[in-house]
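In the working numbering, the protein residues as written are 163 to 363.
Here's the structure we're looking at; comments come further down.
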Ligand SMILES: [Zn+2]
């Protein structure tokens with residue numbers, strides 16, 4: 163799919179890979195590290211803040227995140243140590259699994275690199291605890307809230323074949339229908355190198 167190494171091809175709505183369940187990563191090797199590096203490269207070119215492997219054409223449980231300037235830089239808790247978010251970005255999350263830390267949810271607008279120009283309000287848990295492995299197979303627990311927690315939930319959805327539009331109210335989903343038809347007309351992928359529109363996540 164990605165012949166030109168400078169391209170930033172991302173799968174778009176209508177591509178069946180986005181609806182499939184991603185497989186657990188079992189091989190922690192240089193190929194996995196290269197996949198993460200390639201995903202970060204695409205995410206930065208596309209001006210996104212998160213990317214899940216299925217969006218890059220890989221059905222594995224791998225996510226990259228970098229909120230860059232968009233976060234308020236609240237501290238997060240990594241393995242029981244409080245650290246500034248900037249120190250742990252970019253985040254590479256292998257086999258991630260989260261649980262909410264409270265019932266509190268908030269509703270905010272989201273976009274998605276696989277759904278260029280679509281927007282919609284999604285309710286997410288405000289505060290979560292995330293278990294994941296790094297590229298060296300080490301287990302970590304990250305506790306975070308707000309935008310980072312939202313982004314993680316959005317990306318974990320991708321690993322289960324779920325898109326943010328699945329969470330919209332019927333009315334909002336209807337409002338997005340023309341946009342979704344346009345995205346489907348892209349034929350299942352877009353190269354962000356050629357395309358400077360800038361949705362998120
Ligand atoms: Zn997305």
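For each residue, glycine too, the CB sits at the ideal point set by N, CA and C.
- Taking the CA atoms as reference points, residue 279 sits about 21 Å from residue 226.
- In this structure, residue 229 has its CB at a distance of at least 7 Å from all heavy atoms of ligand 1.
- As a beta-bridge residue in DSSP terms, residue 353 pairs with 171.
- When DSSP reads this structure, residue 282 sits in a beta bridge with 272.
- Counting only residues of its own chain and dropping the five nearest sequence neighbours on each side, residue 223 has a CB closer than 8 Å to the CB of 184, 185, 186, 187, 215, 256, 257, 258, 321.
- Excluding five sequence positions before and after residue 342, the CB atoms of its chain that fall closer than 8 Å to its own CB belong to 175, 277, 280, 327, given in chain order.
- Shortest Cα-Cα distance from residue 228 to any of 265, 311, 324 involves 311.
- Straight across, the Cα-Cα distance linking residue 354 with residue 254 is about 21 Å.
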